[in-house]
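Notes to accompany the following structure.
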Amino acid sequence: MPAHHHDNSDLTKNQALVYDTLNAADGPLSAYTILDQLREAGFRAPLQVYRALERLQALGLVHRLESLNAFVACSHPSCEEDGTVAFAICETCGRVFEFTDAELKSRLGAWAKTTGFRPQKTTIEMRGICAECKAA
Ligand SMILES: [Zn+2]
Ligand SMILES: [Zn+2]
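Its first residue numbered 1258, the sequence shown is counted upward by one per residue in the working numbering.
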C-alpha cells in the first residue's frame, strides 16, 4: 500500500493519469493544462479530463480551487475528517498550501446551526504572498 491516506487502488487508467499529473505539479493546474500534458498518453477531449477530475474530487484525492478554476492534488492527510479544508495561494510563486482547521469547522458549524443554514460545501481560499517569496 502507498503511504497516501486515500485509497487510489481502484482508479481507472485515465483517473490515475490525471491524479499523477496533479501530484507531480508544483502548483494548481487547469483542466486544459492537464489535457495538454496528457495528449501523449491518449487524451483527446476536455471531457475526459473533467470526468476523471469529477471522480477524483469525489474520492477526496483532488481539490478544486474556485478562485483559480484550477485543481490540486490533496496534500493533507485525512483532510475531510480534520476540519474545514483551507487553501493559501501565493500570488507570486503560484504555490498552494493546503491546511485544515478544526476550530474553523466548529465555528462555521455553530453559525450554521444558529441560523438554520444547511451548508453543502465550504471553500476557503486565501490569496497573498508565501513566507519564502516574502523573504526573497
Ligand atoms: Zn485535502
Ligand atoms: Zn510564494
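Heads up, the beta-carbon is just placed ideally off N, CA and C, and yes, glycines get one too.
Residues near residue i by beta carbon distance below 6 Å, same chain, minus five either side
i: residue 1280; result: 1330
i: residue 1258; result: Here residue 1258 scores only 34 on pLDDT, less than 50, and its place in the model is too uncertain to base an answer on.
i: residue 1282; result: none
Contact with chain B by residue i, beta-carbon distance below 9 Å
i: residue 1307; result: Of the protein chains in this structure there is only one, and it is not chain B.
Inter-residue spacing [alpha-carbon to alpha-carbon] between residue i and residue j
i: residue 1385; j: residue 1315; result: 28 Å
i: residue 1274; j: residue 1295; result: 8 Å
i: residue 1300; j: residue 1336; result: 30 Å
i: residue 1260; j: residue 1268; result: Because the pLDDT at residue 1260 is just 41, under 50, the model does not fix this residue reliably, and the value given afterwards should be weighed accordingly. Straight-line Cα distance between these residues: approximately 16 Å.
i: residue 1388; j: residue 1278; result: 26 Å
i: residue 1317; j: residue 1298; result: 24 Å
i: residue 1290; j: residue 1324; result: 17 Å
i: residue 1270; j: residue 1311; result: 14 Å
Same chain, Cβ closer than 7 Å to residue i, five either side skipped, listed in chain order
i: residue 1287; result: 1326 and 1327
i: residue 1332; result: 1355
i: residue 1363; result: none
i: residue 1313; result: 1272, 1275, 1276 and 1319
i: residue 1358; result: 1340, 1341 and 1343
i: residue 1292; result: 1300, 1303 and 1306
Residues of its chain near residue i, where Cβ-Cβ distance is below 8 Å and the 5 sequence neighbours each way are ignored
i: residue 1322; result: 1285, 1328, 1329, 1344, 1346, 1353 and 1382
i: residue 1390; result: 1347, 1349 and 1350
i: residue 1365; result: 1341, 1376 and 1379
CB-CB length for residue i against residue j, believed under 8 Å
i: residue 1272; j: residue 1309; result: 5 Å
For the stretch 1349–1391, list the beta strand (DSSP E) runs that are entirely contained and at least 3 residues long, ordered along the chain.
1353–1358 and 1381–1385
Taking 5 Å as the limit, tell me which residues put their C-beta closer than that to any heavy atom of ligand 1, in chain order.
Near ligand 1, residues with a Cβ at less than 5 Å from any of the ligand's heavy atoms are 1331, 1333 and 1336; the list follows chain order.
Starting from the N-terminal end, write out each residue whose C-beta falls within a distance shorter than 5 Å of any non-hydrogen atom of ligand 2.
1347, 1349, 1350, 1387 and 1390
Give, in chain order, every unbroken run of the alpha helix (DSSP H) that is at least 4 residues long and sits entirely within the stretch 1284–1345.
When DSSP assignments are scanned along the stretch 1284–1345, the uninterrupted stretches of alpha helix (DSSP H) that are 4 or more residues long and fall wholly within it turn out to be 1288–1294, 1303–1315 and 1336–1339.
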